[in-house]
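Note that the protein sequences, when read in sequence, are chains A and B. With our numbering applied, the first sequence corresponds to residues 28 to 833, in that order. With our numbering applied, the second sequence corresponds to residues 40 to 303, in that order. The beta carbon of each residue, even a glycine, is placed where N, CA and C say it ideally should be. Note that the structure is a prediction, hence the values are computed from the model and not measured. See below for the structure under consideration.
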Amino acid sequence: MTNHWIDIKNTDCALIMGSNAAEHHPICFKWVMKAKEERGATIVHVDPKFSRTSARSDFHVPLRSGTDIAFLGGMIKYILDNNKYFKEYVTEYTNASFIVGPKFSFNNGLFSGFNHQLKTYDKSYWAFDVDANGVPKKDKTLSNPRCVFQLLRKHYSRYDISKVSQITGVSVENLLKVYKAFSETGKPNKAGTVMYALGWTQHTVGVQNIRTSAIIQLLLGNIGVAGGGINALRGEPNVQGSTDHCILYHILPGYLPLPRASLATLADYNKANTPVSKDPMSANWWQNRPKYMASLLKAWFGEAATKENDFGYGWLPRGDVPKGLEKGDYSVMWIFDRMYKGQIKGGSIWATNPAQSVPNTNKVRKALANLDWLYFAEIHGNETTDFWHGPGVDPKKVKTEVFLFPSCHRAEKEGSISNSGRWALWHNKAADPMGDSKPMGQIMIEIVNELIDLYKKNDGVFKEPLVNLNWPDEYDAEDIAKAINGYYTSGPNDGDQVNAFADLADDGSTACLNWLYCGSFTEEGNKMKKRDLSQTPLQAKIGLYPNFSWCWPVNRRVLYNRASVDKNGQPWDPERTVIKWNGEKWEGDVPDGGWPPLATGDKSRSPFIMTKEGYSQLFGPGREEGPFSEHYEPVETPVSYHPFSGQLNNPCAKIMNSDMDKRAVPADPRFPIVLTTYSLTEHWCGGGETRNVPSLLEAEPQLYVEMSKELAAEKGIKNGDPVIVESARGRVEAVAMVTVRMTPFIIQGKKVHEIGMPFAFGWTKPGVGDATNRLCIAAGDPNTTIPEYKACCVNIRKADKVTELS
Amino acid sequence: MKICPAGINARGINHTGGNMSKTFFIDTTRCTACRGCQVACKEWQEFPANKTTQLGWGSHQNPPDLNPFNYKIVRFAEHKVNNRVVWNFFSDQCRHCVDPACKYPADEYKKGAVVIDEETGAVIYTDACKNLPEEVFVQMRDFCPFDIPRRNEETGAVNKCDMCIERVKANLLPMCVKACPTGAMNFGDRDEMIKLANKRLGIVKEEFPDAQLLNVDEVRVIYLISDKPEFYYKTAAATPKTIGFSRKDVLAKIFEPIKNLSKV
Numbered sequence: 028m029t030n031h032w033i034d035i036k037n038t039d040c041a042l043i044m045g046s047n048a049a050e051h052h053p054i055c056f057k058w059v060m061k062a063k064e065e066r067g068a069t070i071v072h073v074d075p076k077f078s079r080t081s082a083r084s085d086f087h088v089p090l091r092s093g094t095d096i097a098f099l100g101g102m103i104k105y106i107l108d109n110n111k112y113f114k115e116y117v118t119e120y121t122n123a124s125f126i127v128g129p130k131f132s133f134n135n136g137l138f139s140g141f142n143h144q145l146k147t148y149d150k151s152y153w154a155f156d157v158d159a160n161g162v163p164k165k166d167k168t169l170s171n172p173r174c175v176f177q178l179l180r181k182h183y184s185r186y187d188i189s190k191v192s193q194i195t196g197v198s199v200e201n202l203l204k205v206y207k208a209f210s211e212t213g214k215p216n217k218a219g220t221v222m223y224a225l226g227w228t229q230h231t232v233g234v235q236n237i238r239t240s241a242i243i244q245l246l247l248g249n250i251g252v253a254g255g256g257i258n259a260l261r262g263e264p265n266v267q268g269s270t271d272h273c274i275l276y277h278i279l280p281g282y283l284p285l286p287r288a289s290l291a292t293l294a295d296y297n298k299a300n301t302p303v304s305k306d307p308m309s310a311n312w313w314q315n316r317p318k319y320m321a322s323l324l325k326a327w328f329g330e331a332a333t334k335e336n337d338f339g340y341g342w343l344p345r346g347d348v349p350k351g352l353e354k355g356d357y358s359v360m361w362i363f364d365r366m367y368k369g370q371i372k373g374g375s376i377w378a379t380n381p382a383q384s385v386p387n388t389n390k391v392r393k394a395l396a397n398l399d400w401l402y403f404a405e406i407h408g409n410e411t412t413d414f415w416h417g418p419g420v421d422p423k424k425v426k427t428e429v430f431l432f433p434s435c436h437r438a439e440k441e442g443s444i445s446n447s448g449r450w451a452l453w454h455n456k457a458a459d460p461m462g463d464s465k466p467m468g469q470i471m472i473e474i475v476n477e478l479i480d481l482y483k484k485n486d487g488v489f490k491e492p493l494v495n496l497n498w499p500d501e502y503d504a505e506d507i508a509k510a511i512n513g514y515y516t517s518g519p520n521d522g523d524q525v526n527a528f529a530d531l532a533d534d535g536s537t538a539c540l541n542w543l544y545c546g547s548f549t550e551e552g553n554k555m556k557k558r559d560l561s562q563t564p565l566q567a568k569i570g571l572y573p574n575f576s577w578c579w580p581v582n583r584r585v586l587y588n589r590a591s592v593d594k595n596g597q598p599w600d601p602e603r604t605v606i607k608w609n610g611e612k613w614e615g616d617v618p619d620g621g622w623p624p625l626a627t628g629d630k631s632r633s634p635f636i637m638t639k640e641g642y643s644q645l646f647g648p649g650r651e652e653g654p655f656s657e658h659y660e661p662v663e664t665p666v667s668y669h670p671f672s673g674q675l676n677n678p679c680a681k682i683m684n685s686d687m688d689k690r691a692v693p694a695d696p697r698f699p700i701v702l703t704t705y706s707l708t709e710h711w712c713g714g715g716e717t718r719n720v721p722s723l724l725e726a727e728p729q730l731y732v733e734m735s736k737e738l739a740a741e742k743g744i745k746n747g748d749p750v751i752v753e754s755a756r757g758r759v760e761a762v763a764m765v766t767v768r769m770t771p772f773i774i775q776g777k778k779v780h781e782i783g784m785p786f787a788f789g790w791t792k793p794g795v796g797d798a799t800n801r802l803c804i805a806a807g808d809p810n811t812t813i814p815e816y817k818a819c820c821v822n823i824r825k826a827d828k829v830t831e832l833s
Numbered sequence: 040m041k042i043c044p045a046g047i048n049a050r051g052i053n054h055t056g057g058n059m060s061k062t063f064f065i066d067t068t069r070c071t072a073c074r075g076c077q078v079a080c081k082e083w084q085e086f087p088a089n090k091t092t093q094l095g096w097g098s099h100q101n102p103p104d105l106n107p108f109n110y111k112i113v114r115f116a117e118h119k120v121n122n123r124v125v126w127n128f129f130s131d132q133c134r135h136c137v138d139p140a141c142k143y144p145a146d147e148y149k150k151g152a153v154v155i156d157e158e159t160g161a162v163i164y165t166d167a168c169k170n171l172p173e174e175v176f177v178q179m180r181d182f183c184p185f186d187i188p189r190r191n192e193e194t195g196a197v198n199k200c201d202m203c204i205e206r207v208k209a210n211l212l213p214m215c216v217k218a219c220p221t222g223a224m225n226f227g228d229r230d231e232m233i234k235l236a237n238k239r240l241g242i243v244k245e246e247f248p249d250a251q252l253l254n255v256d257e258v259r260v261i262y263l264i265s266d267k268p269e270f271y272y273k274t275a276a277a278t279p280k281t282i283g284f285s286r287k288d289v290l291a292k293i294f295e296p297i298k299n300l301s302k303v
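So this is what it looks like as structure tokens:
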């Protein structure tokens, strides 16, 4: 989140879209309720299904899965056509005024620079028109036809309301209802918040869904203000913590890029990844990246990391896929694709259940059996650890040698968890681990220590990355937390904790496992343990609670908060002040850079310090498929064309190809129904843990499919009937839940049905059903490779007999 | 555990003015049907789970009904009115009536089987209920306007919400109230809860003119609903027909089966 959970109560209008907030964040949903009760906020829920969130919202607007950009594009057009945008904010704080270079164009669904063979863009085509210093030229009147503002207007002028209605299945009346309500927050004293989750991210246009909402929030001046923001509702498995510490294939801790083979030295890496700006008003905070990278390397390799050996940069793996292996990247879909094709010998799976949670699960389950060896760290068996004796699998025919290391439960160890609001909260140990189970950190430390010994003993090939690790003997959560915060490795403060990331250096004198968390565990102690409710009266007005836990960066609760004030440092909305300049310093939240207000001249800095230019990005030149978003249909779609261009799907989408990756064609008569998949309040993700909690399984016992009464009538299905849902990839048995909460859509004049299924039910709990993901498509977003769980095409029929349900 | 000793007539005491008795206020307009209350109750009581299924049922309401191992069930009721979908949630439980009808048949058979705690007003089914003949249990259930009492066929115990009386006596909140994240579940001294209920009613009525509090004077579990009671559950509200028996009526109703019993 740019903001945080409590701040939601400060909003005038919450747009909950791509999220079922009440069901998946039931406790934090109380802040939405407070906004409604205490501020009279309007709560708008846009989602294919009427859910428990919809029941508590002011109104619910159903839309077809995968048409969010069409919906939001229409809103952008509405905001511009009706002058609902916050003019001063847009002019001064966004790149609306930037002149775009002559090579940029857009035609029939494609931006300039597209390589049809590689299916990627040459982003240099989208560069700005710059002056001699490389600083973008600007037109603050916003009238130059090549300025971002005019190009934005032109781009979304195609999203007129009748076209949007046709393709989304949302009535014009409902579109206007949402557009009107939300665009009201463009006024300086109004704030609107966007709350989203996997309903937006799990699409082949996932990142662009969010980009579109960012454009809207910037036009309305809702970034940096209380009750505003782009607020991702992160998942229960510490998704925020996971992404912060980069348990992701393409980045290093602190969102640093993974090195590439072409960047042989640290200097090469820094040159390629460190933005340079000659604009004196731009803080260009990522210019500090070399300090964070050097400190990370120093923390990893300790004494072995020296200036002479680039602090061990040469010992890091590279993000390129070697020749001979299936191309792509190291994301989970590609890993299972290579595994399926026999290109991987062995590996480990920690705390995740891909034989349940990864799409095209039939292929995943087959792939696992191709491995020679596989080990897990898990709290108990699940569909992945037990794949070798799953339904239809003869253990005698599976060659894989499987090991299961028993992990203790998270309540049996201390540690931290980061919530959606970037707050890192320490939790204590509640009970001792059962039996021989251990924390996963301990398991990993022991395994790596064994490997280090073996490499030393046998003088293994390229042993440096392992034997040079600054590696503990035992797992201690607070020790790791201290290293994450960072410490001095030399000089007068040698051994002390670093106070803040501004103190990190690129010369090896500091070590830091994650610059974002610098400040979380200083010489004053473990800030993540703080539970102090005190705040100043100004802070109390918006519920800032700066002394409760610790958040990154540097305990700043509302990001980009210098956009919440005018050039004199005075808040647009004094009633909901985030920061304000009192003549000498800032009061309220930690300012997003302590520089004085813009009106003071060159001692100040532009507010969006994480961009090279210091301005927020209506035009975003860094994304894989374009600087503006564009509606593309999901890879499997019930339509064969859409009204915005001739480009049906995302041209850069990452799609798996194998004999098991069968796909429906557009408007496939075999699979005319749209399937969306989701989670439950009562079950957690793939359900491995919660299906073993009796009171939770009692509340949600079995795999169901929510469908409209109209569809049920067409298919002769009654509520409670067993049914079979089928896609090009597999079939799943489920129980029909016939409900008024699902409604058929009228898309391009034709009736299109949508159904929804949870994915929490797996065969290790007999009779409850098995992986919904056997239906889903292995196709992903080009920026993140997140799979398109939220939209694929299926058919449904009543089942004569079932074997997965009892 | 301080419970009204057998023999002392705690019935008929109207606690509406008193500070000592407790009351729940359940604001259904804040409920998201998260099932925190349902699961927390069960976990606290350490009850086993029932085997539930979607086959032939197709609903989020699981278990389908109150039973010896679920004192609290969230009931789901969906409707489409004027093309608008409405989904009402009703976190059902014993109302701890001020003058509980279920107590009459129990008293006639064995005084002290059902008791009212003097301090809180909690209506408690004791172990002595295990020995109540089936006919008496049937009457207890029939007389309850809200269809609450359930019998454990194996042990004979008659089950329902006990107001987490051990927790309340230790100055803790009932488990369902503690678990509720949105403020749908509230619990406290009766006059405070009634004040809160009326405050919320006033606010909710602005958006939902048909909003009402259910059976305020008769129960210690006051529901605020924004829609007709039958759009939540058939026994969400007690009607004049189902509650407020005159003592004479009730005694008349129960004498007959007792007459039969005496022949056994």
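Item checked: Among Asn-497(A), Val-205(A), Ser-667(A), nearest to Glu-330(A) - alpha-carbon criterion -> For the purposes of this step, residue 330(A) is taken as residue 303 along the first sequence, with counting starting at 1. Measuring from the Cα of Glu-330(A), the nearest candidate turns out to be Asn-497(A).
Next item on the list: Answer with yes or no whether the minimum CB distance from Gln-93(B) to chain A is below 8 angstroms.
Entry: If you number the second sequence from 1, residue 93(B) lands on position 54. It does; some Cβ of chain A falls within 8 angstroms.
Margin query: Excluding the 5 residues flanking Ser-536(A) on each side, which residues of the same chain have their C-beta closer than 7 angstroms to its C-beta?
Written below: Looking up residue 536(A) in the first sequence gives position 509. If the five residues before and after Ser-536(A) are omitted, its C-beta is found closer than 7 angstroms to the C-beta atoms of Tyr-515, Thr-516, Ser-517, Gly-518, all from its own chain and listed in chain order.
Checklist line | Per-residue contacts from Asn-101(B) into chain A (C-beta, under 7 angstroms) | finding: The residue labelled residue 101(B) in the question sits at position 62 within the second sequence. Those are Glu-725, Ala-726, Glu-727, Pro-728, listed as they occur along chain A.
Next item on the list: Using alpha carbons as the reference points, say which of Ser-309(A), Leu-290(A), Ala-208(A) lies closest to Gly-161(A).
Entry: By 1-based counting over the first sequence, the position of residue 161(A) is 134. Closest option to Gly-161(A), Cα to Cα, is Ser-309(A).
Next item on the list: Measure the alpha-carbon distance for Ser-384(A) versus Leu-203(A) and round it to whole angstroms.
Entry: Position 357 of the first sequence, counted from the first residue, corresponds to residue 384(A). Position 176 of the first sequence, counted from the first residue, corresponds to residue 203(A). Approximately 37 angstroms, taken between the alpha carbons.
Check: Should Ser-78(A) go down as buried or exposed, given a rule of 16 or more other Cβ atoms within 10 Å for buried?
Finding: Looking up residue 78(A) in the first sequence gives position 51. With 16 or more other Cβ atoms within 10 Å, it is buried.
Notebook entry, point to check: Which one of Val-359(A), Pro-665(A), Leu-702(A), Glu-815(A) has the shortest CA to CA distance from Asn-236(A)?
Noted result: Residue 236(A) sits at position 209 when you count from the first residue of the first sequence. When only C-alpha atoms are compared, the closest one is Glu-815(A).
Checklist line | Beta-carbon spacing of Leu-275(A), Gly-346(A) below 8 angstroms | finding: One-based indexing of the first sequence puts residue 275(A) at position 248. One-based indexing of the first sequence puts residue 346(A) at position 319. Cβ atoms of Leu-275(A) and Gly-346(A): not closer than 8 angstroms.
Check: Could you give the distance in angstroms between the alpha-carbon of Tyr-572(A) and the alpha-carbon of Lys-305(A)?
Finding: Residue mapping note: residue 572(A) aligns to position 545 of the first sequence, counting from 1. Residue mapping note: residue 305(A) aligns to position 278 of the first sequence, counting from 1. C-alpha separation (whole angstroms): 37 angstroms.
Margin query: Which same chain residues end up closer than 6 angstroms to Pro-460(A) when comparing Cβ atoms and leaving out the 5 residues on each side of it in sequence?
Written below: On the first sequence, position 433 is the one that residue 460(A) refers to. Within the same chain, Pro-460(A) has close Cβ partners Cys-435, Glu-439.
Checklist line | Sheet register partners of Ala-223(B) (DSSP bridge) | finding: Taking the second sequence and counting its residues from 1, the one referred to as residue 223(B) is at position 184. In DSSP, Ala-223(B) forms no bridge with anything.
Item checked: Ala-331(A): first and last residue of the uninterrupted beta strand (DSSP E) it sits in -> For the purposes of this step, residue 331(A) is taken as the residue at position 304 of the first sequence. It is not in any beta strand (DSSP E) - Ala-331(A) carries neither H nor E in the DSSP assignment.
Next item on the list: With DSSP as the reference, label Val-199(A) as helix, strand or coil.
Entry: In the first sequence, the residue the question calls residue 199(A) occupies position 172. In the structure shown, Val-199(A) falls within a helical segment according to DSSP collapsed to helix, strand and coil.
Margin query: Given 7 angstroms as the limit, tell me if Ala-97(A) has its C-beta closer than that to any heavy atom belonging to the ligand HEM.
Written below: With respect to the ligand HEM, the structure shown offers nothing to examine, as it has no ligands at all.
Check: Are there 16 or more other CB atoms within 10 angstroms of the CB of Ser-130(B), so buried, or fewer, so exposed?
Finding: As a position in the second sequence, residue 130(B) is number 91, starting the count at 1. Per the 10 Å Cβ criterion, buried.
Notebook entry, point to check: Whose C-beta lies closer than 8 angstroms to the C-beta of Glu-353(A) among residues of the same chain, with five residues either side of it excluded?
Noted result: Against the first sequence, residue 353(A) aligns to sequence position 326. These residues qualify, in order along the chain: Trp-361, Asp-364, Arg-365, Lys-368, Gln-370.
Next item on the list: Compare the C-alpha of Thr-121(A) against each of Ser-643(A), Glu-737(A), Lys-736(A), His-277(A) and name the closest.
Entry: Taking the first residue of the first sequence as position 1, residue 121(A) is located at position 94. Checking every option, the nearest Cα to that of Thr-121(A) belongs to Ser-643(A).
Check: Quick one: does Thr-830(A) have its CB under 8 angstroms from some CB of chain E?
Finding: The structure shown contains no chain E; its protein chains are A and B.
Notebook entry, point to check: Around the Cβ of Glu-115(A), are there at least 16 other Cβ atoms within 10 angstroms (buried) or fewer (exposed)?
Noted result: Residue numbering aside, residue 115(A) sits at position 88 when the first sequence is read from its first letter. It is exposed - the Cβ of Glu-115(A) has fewer than 16 other Cβ atoms within 10 Å.
Next item on the list: Express the C-alpha separation of Phe-128(B) and Thr-221(B) in angstroms, rounding to a whole number.
Entry: Position 182 of the second sequence, counted from the start, is the residue given in the question as residue 221(B). Position 89 of the second sequence, counted from the start, is the residue given in the question as residue 128(B). Approximately 13 angstroms, taken between the alpha carbons.
Margin query: Would Gly-743(A) pass as an interface residue toward chain B - the criterion being a Cβ-Cβ separation below 8 angstroms?
Written below: Residue 743(A) sits at position 716 when you count from the first residue of the first sequence. No, its Cβ sits nowhere closer than 8 angstroms to a Cβ of chain B.
Item checked: Residues of the stretch 47 to 66 of chain A with Cβ closer than 7 angstroms to any Cβ of chain B, in chain order -> Ala-49, Pro-53, Ile-54, Phe-56, Lys-57, Met-60
Check: Relative to the C-alpha of Phe-108(B), which residue among Ala-209(B), Cys-200(B), Ala-250(B), Ala-276(B) is closest?
Finding: Position 69 of the second sequence, counted from the start, is the residue given in the question as residue 108(B). Answer by Cα proximity: Cys-200(B).
Margin query: Against chain B, does Gln-764(A) count as a neighbour if the rule is that its beta carbon must be under 8 angstroms from one of theirs?
Written below: Along the first sequence, read from residue 1 onward, the residue named residue 764(A) stands at position 737. It is Met, not Gln, that sits at residue 764(A) in the sequence shown. Yes, Met-764(A) lies at the interface with chain B (some Cβ there is under 8 angstroms from its Cβ).
Check: Along chain B, in chain order, which residues have C-beta atoms closer than 8 angstroms to that of Thr-195(A)?
Finding: Position 168 of the first sequence, counted from the start, is the residue given in the question as residue 195(A). Per Cβ cutoff of 8 angstroms: no residues; Thr-195(A) is ~18 angstroms from chain B at best.
Next item on the list: Would you check if there are 3 or more beta carbon pairs closer than 8 angstroms linking the stretch 284 to 298 of chain A to the stretch 49 to 69 of chain A?
Entry: In short, these stretches do not touch, since the Cβ pair count stays below three.
Note to self: Using C-beta distances below 8 angstroms, list every residue in its chain close to Asn-380(A), excluding the 5 sequence neighbours before and after it, in chain order.
What the structure shows: Taking the first residue of the first sequence as 1, we reach residue 380(A) at position 353. Around Asn-380(A): Asn-409, Glu-410, Thr-411, Cys-712, Gly-713, Gly-715, Gly-789.
Notebook entry, point to check: Using the rule of at least 16 other Cβ atoms within 10 Å of the residue's Cβ for burial, across every protein chain shown, is His-661(A) buried or exposed?
Noted result: Reading the first sequence from its first residue, position 634 is the one you call residue 661(A). In the sequence on display, residue 661(A) carries Pro and not His. It counts as buried.
Item checked: Minimum C-alpha distance to Thr-168(A) - residue among Tyr-544(A), His-51(A), Ser-124(A), Asn-142(A) -> Residue 168(A) sits at position 141 when you count from the first residue of the first sequence. Residue Ser-124(A) is the option with its Cα nearest to Thr-168(A).
Next item on the list: With Lys-181(A) as the anchor, note down where its beta strand (DSSP E) starts and where it stops.
Entry: In the first sequence, the residue the question calls residue 181(A) occupies position 154. No beta strand (DSSP E) contains Lys-181(A), which is instead part of the alpha helix (DSSP H) from 175 to 183.
Checklist line | Cβ of Ser-98(B) within 8 angstroms of any chain A Cβ | finding: The residue you call residue 98(B) lines up with position 59 of the second sequence. Yes, contact with chain A.
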